[in-house]
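Structure, as structure tokens:
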Amino acid sequence: MTPVLDVAVHPARILIVDDDARNRQLLEVMLTPQGFHLSTASSGKEALDLVAQQHPDLILLDVMMPGMNGYQVAGRLKSNIATRDIPVIMVTALDDRDARILGLNAGAEDFLTKPVDHSELCVRVRNLLRLKAYADYHDEHSQELEEAVRARTADLFERTTQAAVLAEQAALLDLAPDAIVVRNMDGRILFWNRGAETLYGWLSQEAVGQEIHHLLKTALVEPGGHIEAVLLREGQWEGESIHHKRDGTRVIVAIRLALQRDAEGTPVRILGINNDITKRREAEMALEQIRQDQLRFKDDFLSHVSHELRSPLTAIKQFTTILLGGLAGALSDEQRQYQQIVLKNVGQLQSMIDDLLEVTRLETSKLTIEPERVLVSNAVADVFNTLQGTARARSVALSCDLPPELPPAYADPTRLRQALIILLDNAIKFTPDGGAAGIQARLDLDPRFLRLEVSDTGCGISPVRIERIFERLYQESEPTEASRKGLGLGLYICSELVTRQGGRIWVTSEPQKGSTFSFTLPVFSPNNAIAPLDEPVTVSSDPRGQPA
Amino acid sequence: MSKKTILIVEDDADVSLGYHVLLKAHGYETFSVADASFAVTEARKRQPDLIILDLGLPAGDGFVVMERFRVLADLATIPIIVVSARDVHGNKERALRAGAKAFVQKPWDDDELLQLIGQVLDQAGVFVLSSW
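So the sequence lines, in the order shown, correspond to chains B and W.
Here the numbering used here is used: the first sequence runs in plain steps of one and ends on residue 572.
Here the numbering used here is used: the second sequence runs in plain steps of one and ends on residue 201.
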């Protein structure tokens, strides 16, 4: 690149030094038309002062001056680092070889002989200015060049360091047991650590550059776009997927993805950390299978047992009823009383068998809830009918309080009846002879629900027992006459029935005064009839496979 | 008016005897078989007004019996009440689909069973009349 050297870019400053005013004036007259910026000094000392202030581009220096002569001024200028680059033209009347040698020794760049020729002056001045400009340019740009070289060197050093750091990081990532895979937004693999090599069987050099889902034959359970959307929105995604190793083996992997964006926020890379969870999943599935098998076995077993128990119970009940009905001859009062006791115990045995079966149904999700529009008053009337005899036998007074404006419930009528029978039967059982039990219903504080209450005037339940009363197989730790008669499954069944109909159940109790079991049921509305309550949860062992 | 006849298909001899005692006392004529294969031949011979059918039977269960009855013209219209110790869940629906009029679980309540028998016999009468 050739520097454009135009001395007229800025007017060159020229200092004229001569003790003779006429000589100074003559030079000024010759140089002014050239556009130079001129200043003058009448002595060497004045010249040095001006140079220090103005830093001229060129000095025309007379040799013969009183005080400090031209050689001395030149010597001073050239020995000063700040001024030595300023070209000096010695103007001398002495046109001889010795004078020139002295001048050159003093550091002058050129000579002019008096009387000064106009053209020669202009040419020499221009030439020297041009040379100075070259020199200045060179100085300036060599500095730039040096700067550039320094920067390049630093960059190179940094790059070398970075490469070392990257290599070190890659080595660290190779230590991780997880498969660590970096890919670009097109799914092309950029990085593949040793963990990935071990997991999938593809070497880094084979994997890098491949499209990840193609390489791993990702089984997309969920549409891939969904993951992209989550990544873009939240910056990360976690899930599972099914991949295939190099040899075709299927692996279930737990995946964590993180999105990297550049300085402008554009997504550039996806970091994936994959873990092989095949063994864990298979173990879980095997366990789940065992659990299912056990449940099925228990279900089958209980069905079988209850069937086998029912048959002899049937015969006992049949003949007790036959005897009580006088079909085998009249009974004495005492005989009748004893047969009544047999019959009552048959009833208890029967309800225990029913409870056992019911619990199995709850656990195997065989119990179905079919909610519909139900009038609580109908259910209560039905339950009263069923338990009237039991209550009368114990002289327990039954009462009910149902506001006429009560809205219908959204419930399964059979299950509602079942829950109410369990609660009212318990209430009667735990109320001393001559006490009272009853059912109340009203709108709950949350108007989307009805609240039903079954209360008794029994001995109450201690706070410790209240906490566990809805647990399966919970029994009174100090068995009373009443609590002996049951498996402790009734309240568990009841709470399950209520919960599965979308309600909740709780109990309040006051020792020696009585207890109140309360539960809620959703109020019927056309909306919940269209969108029924959640289906009972079915246990599924399917792995929720999701793509990487 | 002649007595209504009820065929009892029940393999438990005690339970079977219990039916006889109860139903005879309430004015029904009864006879019984203890396995599935005799059920068809006895029913053809005696043409009962109603059949009480157990599900767990030797030589084919109650469902097999109902299957055979349904394809035999002279037996297809005889009402059947299934009385079983098996779980209501599943079995009731299956029995009704197979053509039973009702499903009763053992042990039953005598009053309820007698009431049900009366109802089914009444319906059967209406059914016979309307089919004339």
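Glycine included, each C-beta is placed from N, C-alpha and C at the ideal position.
It should be emphasised that the depicted structure is a prediction, and the values quoted were computed from it without experimental measurement.
- Judged by DSSP in its simplified three-state form, B/Phe-454 adopts helix.
- As computed with DSSP, B/Gln-260 is found in a beta bridge with B/Ala-282.
- By the neighbour-count criterion, in which 16 or more other beta carbons inside 10 Å mark a residue as buried, B/Ile-446 falls on the buried side.
- In the three-state reduction of the DSSP assignment, B/Glu-396 falls in the strand class, which pools E and B.
- Looking only at B/Gln-374, B/Asp-480, B/Leu-337, the smallest Cα-Cα distance to B/Lys-537 is reached by B/Asp-480.
- Straight-line spacing of the CA atoms in B/Ala-435 and W/Ile-120 works out to 36 Å.
- Not one beta carbon of chain W lies nearer than 8 Å to the beta carbon of B/Thr-410.
- Per the coordinates, the alpha-carbon of B/Leu-74 lies some 20 Å from the alpha-carbon of B/Val-53.
- The alpha-carbon separation between B/Leu-448 and B/Arg-528 amounts to approximately 17 Å.
- If one requires a minimum length of 3 residues, the beta strand (DSSP E) runs lying completely within the stretch 372-446 of chain B are 396-398, 421-425, 433-435, in chain order.
- Arg-334, Ser-335, Leu-337, Thr-338, Ala-339, Lys-341, Gln-342, Phe-343, Thr-345, Ile-346: these are the residues of the stretch 332-347 of chain B whose beta carbon lies less than 7 Å from some beta carbon of chain W, given in chain order.
- The three-state secondary structure of B/Gly-249, taken from DSSP, is helix.
- Distance from the CA of B/Ile-463 to the CA of B/Lys-453, rounded to the nearest whole angstrom, comes to 15 Å.
- The residues Val-531, Ser-533, in chain order, have a CB closer than 7 Å to that of B/Ile-490 in the same chain once the five nearest residues on each side in sequence are set aside.
- Fully enclosed alpha helix (DSSP H) runs of no fewer than 4 residues occupy 94-103 of the stretch 75-104 of chain B, in order along the chain.
- Within chain W, the C-beta atoms nearer than 9 Å to that of B/Val-370 come from Pro-176, in chain order.
- In this chain, B/Gln-536 is not harboured by any alpha helix (DSSP H), its DSSP state being neither H nor E.
- In chain order, His-158 make up the part of chain W whose C-beta sits under 7 Å from the C-beta of B/Lys-390.
- Here the alpha carbon of B/Ala-175 sits roughly 28 Å from the alpha carbon of B/Ile-105.
- CA-CA distance, B/Met-114 to B/Gln-96, rounds to 12 Å.
- Leaving aside the five residues that flank B/Glu-495 on each side, the residues in its chain whose CB is nearer than 8 Å to its CB run, in chain order, Tyr-516.
- Close partners of W/Leu-126 in chain B (Cβ separation under 8 Å) are lacking, with about 13 Å as the shortest Cβ gap.
- B/Pro-487 sits in a helix when the DSSP states are folded into three classes.
- Residue state for B/Thr-544 is assigned as strand, using DSSP reduced to three classes.
- Taking a beta-carbon distance threshold of 8 Å, W/Val-84 counts as an interface residue toward chain B.
- Only buried fits B/Leu-82, as 16 or more other CB atoms lie within 10 angstroms of its CB.
- A check of alpha carbon separations from B/Arg-285 across B/Glu-258, B/Arg-270, B/Val-275 identifies B/Glu-258 as the nearest.
- At a beta-carbon threshold of 9 Å, the residues of chain B lying near W/Gly-87 are Thr-338, Ala-339, Lys-341, Gln-342, Phe-343, Thr-345, Ile-346, ordered along the chain.
- Counting along the chain, no alpha helix (DSSP H) covers B/Thr-64; the unbroken beta strand (DSSP E) around it starts and ends at 61-65.
- In the DSSP assignment, the residues bridged to B/His-267 are B/Val-275.
- Of all C-beta pairs linking the stretch 145-153 of chain B to the stretch 164-175 of chain B, fewer than three are shorter than 8 Å, placing the two stretches out of contact.
- Annotation: the stretch 307-337 of chain B contains no complete segment of the alpha helix (DSSP H) (minimum length 4 residues).
- Within the stretch 464-490 of chain B, contact with chain W at the beta-carbon level (separation under 7 Å) is assigned to no residue.
- DSSP places B/Glu-235 in no alpha helix (DSSP H); its state is neither H nor E.
- For B/Asp-300, the three-state secondary structure derived from DSSP is strand.
- Spanning the alpha carbons of B/Gly-484 and B/Arg-492 requires a straight line of approximately 14 Å.
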